[in-house]
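Everything on this sheet refers to the single structure shown next.
Protein chains: 2
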Amino acid sequence: MTDDLAELPEAAEGDYKLERSTISAVREAIEGMDALAIDAALDPLHPADIADLLEQISSGERRALLGLWSMGIDGEILSELDDNLREEVINFLPAGVLSEAVREMESDDVVDLVEDLEDDQQEMILGALEDADRVAVERALSYPEYSAGRLMQRELVVAPEHWTVGEAIDFLRREDDLPEQFYHIILVDPGYHPTGYVTLGKLLGSPRAAKLLSIIEDSFRTIPVTQPEEDVAYAFNQYHLISAPVVDEDDRLVGVITIDDAMIVLDDEAEEDIMRLAGVSGEESLSDRTLETVRQRLPWLGVNLFTAILASVVISQFEDILAQIVALAVLMPIVASMGGNAGTQSLTVAVRALATKDLTGSNLWRVVRRETLAGLVNGIIFAVIMGIVGVLWFGTPMLGAVIAVAMVVNMVVAALAGILIPIGLEKLGVDPALASGAFVTTVTDVVGFFAFLGLAAALLV
Amino acid sequence: MTDDLAELPEAAEGDYKLERSTISAVREAIEGMDALAIDAALDPLHPADIADLLEQISSGERRALLGLWSMGIDGEILSELDDNLREEVINFLPAGVLSEAVREMESDDVVDLVEDLEDDQQEMILGALEDADRVAVERALSYPEYSAGRLMQRELVVAPEHWTVGEAIDFLRREDDLPEQFYHIILVDPGYHPTGYVTLGKLLGSPRAAKLLSIIEDSFRTIPVTQPEEDVAYAFNQYHLISAPVVDEDDRLVGVITIDDAMIVLDDEAEEDIMRLAGVSGEESLSDRTLETVRQRLPWLGVNLFTAILASVVISQFEDILAQIVALAVLMPIVASMGGNAGTQSLTVAVRALATKDLTGSNLWRVVRRETLAGLVNGIIFAVIMGIVGVLWFGTPMLGAVIAVAMVVNMVVAALAGILIPIGLEKLGVDPALASGAFVTTVTDVVGFFAFLGLAAALLV
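Protein chains in written order, with full-length UniProt numbering: chain H, 1 to 461; chain D, 1 to 461.
Dropping the structure here:
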């Protein structure tokens with residue numbers, strides 16, 4: 001079984017995999033302390049793949065590799081590393097390698113690199129930058145975390161809005177210091193306010209005499225520098241933007257955000273939602289050590305223990321009837337479990353719809369009504385099934401009726417809780433992905449046990 | 001409360017919202033059958049926002065709006081609509097409006113539009129296209145669903161690899177029919193095999209005499225036309241691609257995929273994972289009707305009922321001891337619930353790590369060991385807490401010991417099941433996001449009840 005499982009992921013990875021053979025080769029080279037062999041194995045790889053490799057080997061191997069190959073680590077690899085490994089790697093790099101690495105990075109990548117570092121590491125890296133770059137990075141760091149100001153790059157191409165296509169092309173051909181990647185020329189008025197943009201394709205396809213203003217794109221929209229990055233990602237996804245100018249509070253151009261940065265944010269946000277819905281901290285990483293994992297999982301398990309005890313307290317109120325009719329103890333988890341599942345379905349739909357801005361004041365009550373009705377219909381379907389199962393199993397028609405009614409009640413409550421709790425949390429400014437699960441399952445456990453045992457106590461003795 | 005809740009989402013939406021006032025204006029205009037007012041409200045909106053509005057109003061309002069404003073529906077709005085609404089809207093559109101709408105679309109958008117339609121609707125739309133476009137769309141439809149061939153556009157810009165910068169610029173300035181959006185010039189050899197690409201920015205910034213081959217990008221990589229779209233999205237995200245040429249089995253250039261399409265796939269894949277982990281079909285949409293919602297949720301609830309009954313069968317094996325010690329019925333859900341939560345944490349981490357290719361043969365056993373150890377440590381922590389609670393609550397030290405041991409056992413099993421079950425499913429070709437939850441909670445319920453009640457039966461009488 002070891003081999004079978006170990007071989008698993010490759011089949012699914014298609015062309016874009018860090019070859020298992022590469023990792024083996026690197027491991028062997030590490031063991032043999034063979035820096036040349038490491039270089040030969042890693043040199044053809046994309047920096048993102050080298051970062052993945054660093055994440056996948058053990059921490060002992062990582063230290064050995066860095067000892068042998070620290071000069072191979074460049075800014076791109078650092079950018080691609082998981083936050084929690086980045087500090088470890090930076091600590092290990094000789095100062096010279098580190099300065100070289102950060103000097104070749106774009107300003108937005110340096111910001112991304114330093115923003116999560118400890119103060120002393122941050123200062124070391126800022127100190128390695130040239131003055132102009134350091135000022136740019138420090139200004140970016142003055143914007144709120146997770147804002148457009150942190151995400152944008154300052155390298156951009158602007159043109160006065162009165163220019164013609166010919167003037168813009170001549171300017172580009174003259175200019176030595178164009179950004180590594182750019183997709184638009186941003187038009188600015190004399191006050192440096194962006195007023196439109198032109199794609200390079202349109203520029204190349206238009207007559208030299210044409211005014212830039214005559215070929216600007218409809219898709220143009222500016223992004224406030226303090227806007228939360230998740231809203232930036234939403235805008236890129238919703239409006240299919242490729243790049244967007246960022247403006248300060250006076251509407252002056254301060255930077256540009258490109259779609260590749262927005263894509264990373266979108267991916268991170270979805271990842272965070274998935275993790276939080278399952279009670280895992282969004283910061284957890286596969287390369288964490290055991291104790292870090294324990295620490296990340298503990299809080300949610302603690303919350304769950306509390307809610308489970310709450311449910312047990314409800315059960316304990318019915319000890320008498322449980323002692324008389326043991327069948328109740330056998331059947332009661334079914335009611336709670338079905339409610340919990342129905343509630344999780346509703347809450348996941350609600351959390352996602354809130355995240356994608358599909359659930360708004362305009363359709364809220366229609367969605368609540370739909371969820372409630374769907375809960376009712378599914379509740380009735382499963383009530384009938386469980387009623388029959390209950391009767392057949394224990395031969396007591398009234399027991400079947402009790403579980404059926406409790407099931408309907410709990411599934412309707414689950415649907416309502418599943419949608420209203422995330423909405424309430426969002427309104428309170430709490431991320432609904434983070435806390436909804438605990439509240440919803442508490443409600444469905446408590447209501448499930450109470451409805452089932454309460455009805456049994458009233459009807460079965 | 002109505003008002004409070006109804007106002008909620010706006011606060012969080014920042015600049016990118018479909019204004020509530022716009023929706024109200026459209027609703028009023030629909031009620032007053034005022035086509036001009038509808039036009040005035042919708043005309044300034046982005047097609048994506050118009051599509052959102054169509055999704056958020058009720059189906060009655062939607063029909064009325066389409067009756068009054070069908071000439072306003074264009075290809076872009078159709079592209080942005082949810083699949084399940086698209087058919088409804090297309091059915092309602094006059095044939096002339098529909099042909100006009102699809103004729104102005106790029107080939108990849110037409111493919112996206114028609115691939116999920118019924119045969120007769122598909123034929124109607126294909127019939128409205130010009131011959132060349134129809135052939136292109138039909139060829140795209142011949143590629144497997146969710147493959148690169150469906151995602152790519154055929155509109156692209158190529159240059160022979162021996163060209164200079166000057167020749168390429170002159171060609172672009174001469175060419176009348178450039179694609180709406182393009183970011184690279186793809187270099188091809190005489191056999192039409194792509195050999196590199198050049199960004200437009202680099203093209204504009206280089207001397208006319210320079211060879212294109214001297215300014216090609218490192219990031220160049222081709223995508224096989226049959227590659228699954230999720231692997232395409234992974235490649236764009238991992239390697240920060242902006243566009244990538246697509247090649248057939250002979251490595252000949254057949255199209256190009258751009259980052260905006262990859263971003264949509266990435267978003268869809270994450271959405272599907274989130275939904276499937278919660279037992280909701282990935283195809284569910286907020287604009288579904290109640291019965292559709294019931295149908296989408298039913299299968300998972302059915303699976304859950306089956307697993308819950310399985311757990312009940314385990315409990316029923318211990319009816320004797322339950323009748324003697326009612327405290328067992330009170331405490332047993334806690335063991336199962338803690339195991340279920342710990343298992344969900346592990347499985348979510350595993351499912352995501354498989355999706356992002358972070359969990360591979362290279363680190364599998366290290367991750368399994370870490371999860372097991374973390375489960376053990378958390379299990380011991382909560383075992384101590386619950387042991388104390390059990391003793392304090394019921395005054396029976398042995399009961400505290402029983403629940404403590406059962407808790408440790410179940411949380412270790414949960415951690416193991418949480419990681420091994422998704423990996424096993426992936427190996428079998430089943431999406432681990434889809435089915436892991438049911439298996440893991442079955443395991444934790446069965447093991448939880450069996451360990452707790454079995455130990456109690458052995459030690460407490």
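Using N, Cα and C, we set each Cβ at its ideal position, and we do this for glycine too.
Item, Value
"Other residues of its chain near residue 376 (chain H): CB distance less than 6 Å, five sequence neighbours each side excluded", "412"
"Contact set for residue 408 (chain D): own chain, Cβ-Cβ below 8 Å, skip 5 residues either direction", "376, 379, 380 and 383"
"Which listed residue (H:236, H:56, H:340 and H:184) has its alpha carbon closest to that of residue 82 (chain H)", "H:56"
"DSSP-derived helix/strand/coil call for residue 125 (chain D)", "helix"
"C-beta neighbour in chain H for residue 164 (chain D), strict 9 Å", "no"
"Contact with chain H by residue 465 (chain D), beta-carbon distance below 9 Å", "Residue 465 (chain D) is absent from the model: chain D starts at 1 and stops at 461."
"Contact residues within the region 303-328 of chain D, judged by C-beta distance below 7 Å to chain H", "304, 305, 308, 309, 311, 312, 315, 316, 319, 322, 323 and 326"
"Runs of alpha helix (DSSP H) lying entirely within the region 152-224 of chain D, each at least 4 residues, in chain order", "165-174 and 200-205"
"Boundaries (first-last residue) of the alpha helix (DSSP H) holding residue 380 (chain D)", "364-394"
"Where the alpha helix (DSSP H) containing residue 414 (chain H) begins and where it ends", "397-427"
"The region 437-449 of chain H touching the region 329-342 of chain H, judged by at least three CB pairs closer than 8 Å", "yes"
"Partner residues on chain D for residue 336 (chain H), Cβ-Cβ distance less than 8 Å", "333"
"Where residue 442 (chain D) falls: helix, strand or coil (DSSP)", "helix"
"Whole-angstrom C-beta distance between residue 184 (chain D) and residue 243 (chain D), which should lie under 8 Å", "5 Å"
"C-beta contact flag for residue 248 (chain H) and residue 225 (chain H) at 9 Å", "yes"
"Own chain partners of residue 93 (chain D) with C-beta closer than 7 Å, once the 5 adjacent residues on each side are dropped", "70 and 73"
"Supposed close pair residue 151 (chain H), residue 232 (chain H) - CB separation, criterion 8 Å", "6 Å"
"Length of the line joining the Cα atoms of residue 173 (chain D) and residue 204 (chain H)", "6 Å"
"Listed by chain order, chain H residues near residue 344 (chain D) by CB distance under 8 Å", "278 and 279"
"Chain D contact for residue 158 (chain H) (CB, 9 Å cutoff)", "no"
"Residue 127 (chain D) versus residue 134 (chain D): straight-line alpha-carbon distance, rounded", "8 Å"
"Integer Cβ distance of residue 38 (chain H) from residue 29 (chain H), believed to fall under 8 Å", "4 Å"
"Proximity of residue 64 (chain H) and residue 41 (chain H) at Cβ, strictly below 9 Å", "no"
"Candidates H:100, H:360 and H:161, of which the one nearest residue 214 (chain H) by Cα", "H:161"
"Run of the beta strand (DSSP E) containing residue 245 (chain H), from where it starts to where it stops", "243-247"
"Inter-stretch contact at 8 Å, needing at least 3 Cβ pairs: the region 413-432 of chain H / the region 339-357 of chain H", "yes"
"Residue 90 (chain H) CB to nearest heavy atom of the ligand HEM below 8 Å", "The ligand HEM is not among the ligands present in this structure, which contains no ligands whatsoever."
"As assigned by DSSP and simplified to three states, the class of residue 258 (chain D)", "strand"
"Neighbouring residues, chain B, relative to residue 271 (chain D) (Cβ below 9 Å)", "You won't find chain B in this structure, because its protein chains are H and D."
"First through last residue of the alpha helix (DSSP H) which encompasses residue 130 (chain H)", "From DSSP, residue 130 (chain H) is part of no alpha helix (DSSP H); its letter is neither H nor E."
"Cβ neighbours of residue 157 (chain D) in the same chain (closer than 6 Å, five flanking residues each side left out)", "182 and 185"
"Residue-level contact to chain D via CB, residue 435 (chain H), 9 Å cutoff", "no"
"Range covered by the alpha helix (DSSP H) that runs through residue 94 (chain H)", "Premise fails: residue 94 (chain H) is in no alpha helix (DSSP H) and is neither H nor E."
"Stretch pair the region 297-315 of chain H + the region 434-444 of chain H: three plus CB contacts closer than 8 Å", "yes"
"Best match in H:285, H:201 and H:348 for proximity to residue 86 (chain H) [C-alpha to C-alpha]", "H:285"
"Distance between residue 129 (chain D) and residue 53 (chain H) (C-alpha atoms, nearest Å)", "48 Å"
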